[in-house]
Amino acid sequence: IRTIGVLTSGGDAPGMNAAIRAVVRRALAKGLKVRGIRRGYHGLLKEEIIDMSARDVSDIIERGGTVLQTARCKTMRTEEGQQKAAAICKKYGIDGLVVIGGDGSFAGAQKLANLGVNTIGIPGTIDLDIACTDYTIGFDTAVNTAMEAIDKVRDTSTSHERCSIIEVMGRDAGYLALWCGIANGAEKILMPEEKHYDEKALIEDILANKKRGKKNYIIINAEGVGDSINMAKRIEDATGIETRATILGHMQRGGSPTCKDRVYASTMGAMAVDLLCQGKTNRVVGYKNGQFIDFDIEEALAMKKTIPAYQYDVAKTLAL
Ligand code: F6P
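Heads up, UniProt numbering is the position in the sequence shown plus 19, with the first residue counted as 1.
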């Protein structure tokens, strides 16, 4: 390996900058050249490629977002796009590519590996929805950001003795909802992994909760369930309890990364470079059972992730 390219792809996540910095500096320390690719695969196809020095990644470890910027790229799903991307990598001498993103980004990396570009994926998403790893860059920051916001909603919810529905991100996964549900002591967690939720039972529980003397009812609703605004109207109509919906939205994706996100992202960034130098390709870095490890991309993409049943059960019993 002589030249390593690095890009961020898909939704940005706090800690991506720490990973970029680690890739750049680890590679430079090994005497390699580094090229930054702007705007993900979209930028690669447009040849938005810049040389990166150690100074280019100064003062970024503490910043949210991604200095390389990011995009979702449909063309990269086509064979034509993949061929073009591989040819551009070759043109710029990029013989090792680090892709920081989610499952969709890894699928692109896998195709490039098949076309002769050595690729390593790093899991970067606030959704925690990558099956081969217990940690993804950005989740820790996002879940803490959401938790703090929900604490604030709780203050006003208690004062007005309301029911509050707070919708958190997560796409088709309920990890942000589950963690906030436990951390914020929610009465109810709604997640897309549970096929249907029983609204009648929910309404009865809200009424029973009031009888138990509780001053509010917090529902953490995952965006994969959605419908928070209408749900609030239905609950208010059925219970007579004032109900408000808050959709936290993109504020969950921003902000300075937590210590954990900085440290884990830095470790994964450095590890991606080490793997390339060991001659590995078509791999994704993961964190499992307290260790940083790597998987074949295809195997990683085939893995299924489930919501931890015990934790979910704990959450339910603590809402007494
Ligand atoms: O994957 C991260 C994420 O923030 C999801 O939680 C959410 O569904 C999606 O991205 C939103 O994407 P966009 O910023 O393109 O609206």
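Idealized CB from N, CA, C, for every residue including glycine.
| query | result |
| --- | --- |
| Could you compute how far the alpha carbon of L26 sits from the alpha carbon of G245? | 31 Å |
| Indicate whether I222 and I184 have their beta-carbon atoms separated by less than 9 Å. | no |
| Give every residue of the same chain whose Cβ lies closer than 6 Å to the Cβ of Y194, excluding the five residues on either side of it in the sequence, and list them in chain order. | L147 |
| Does the segment 291-310 come close enough to the segment 268-278 to have 3 or more Cβ pairs within less than 8 Å? | no |
| By a C-beta neighbour count over all protein chains shown, 10 Å radius and 16 as the cutoff for buried, is G135 buried or exposed? | exposed |
| Considering only C-alpha positions, which residue in the set R96, A334, R45, H179 is nearest to G127? | R96 |
| Who sits around the ligand F6P, taking every residue whose Cβ is closer than 6 Å to one of its heavy atoms? | G30, T144, I145, D146, M188, G189, R190, E242, R272 |
| Name the residue from E67, T336, T258, V117 whose alpha carbon lies nearest to the alpha carbon of I20. | V117 |
| Closer than 6 Å by C-beta to N240: which residues in its own chain qualify, once you throw out the five before and the five after it? Chain order, please. | I184, E186, L209, S247 |
| Can you tell me whether DSSP reads L116 as helix, strand or coil? | strand |
| Which word fits Q129, buried or exposed, when buried means at least 16 other C-beta atoms lie within 10 angstroms of its C-beta? | buried |
| For a quick check, are the C-beta atoms of V304 and M290 less than 9 Å apart? | yes |
| So, using beta-carbon positions, are D313 and A37 closer together than 9 Å? | no |
| If you scan the segment 211-256 from start to end, which runs of the beta strand (DSSP E) of 3 or more residues do you find wholly inside it? | 236-241 |
| Does the beta-carbon distance from G24 to C92 come in below 9 Å? | no |
| Going by DSSP in three states, Y329 sits in which element: helix, strand or coil? | helix |
| From G34 to K171, what distance separates their C-alpha atoms? | 25 Å |
| Between the C-alpha atoms of D159 and I145, what's the straight-line distance to the nearest angstrom? | 8 Å |
| Can you grab the Cα-Cα spacing for the pair R82 / Q310, in whole Å? | 26 Å |
| Measuring straight from C-alpha to C-alpha, what distance separates V42 and G268? | 30 Å |
| In the structure shown, what three-state DSSP assignment does Q88 receive? | coil |
| Spatial neighbours of E212 within its chain, please: CB distance less than 6 Å, with the 5 preceding and 5 following residues excluded, ordered by chain position. | G193, I326 |
| Between the beta-carbon of A227 and the beta-carbon of C182, is there less than 9 Å? | no |
| Tell me whether S72 is buried or exposed, calling it buried when 16 or more other Cβ atoms sit within 10 Å of its Cβ. | exposed |
| Using CA coordinates, which residue listed in S178, A196, D191, Y306 is at the minimum distance from T164? | A196 |
| If I'm right that G55 touches I69 with Cβ under 8 Å, what's the distance once you round it to whole angstroms? | 5 Å |
| Give me the DSSP bridge partner(s) of C182. | Y236, T262 |
| Contact check, A104 vs L64 under 8 Å by CB: the rounded distance? | 6 Å |
| What does DSSP give as the partner residue(s) for P27 in the beta ladder? | Here residue 27 is Thr; the residue named in the question, Pro, does not match the sequence. Looking at the DSSP assignment, T27 forms a beta bridge with I119. |
| Put V53 into one of helix, strand or coil per three-state DSSP. | strand |
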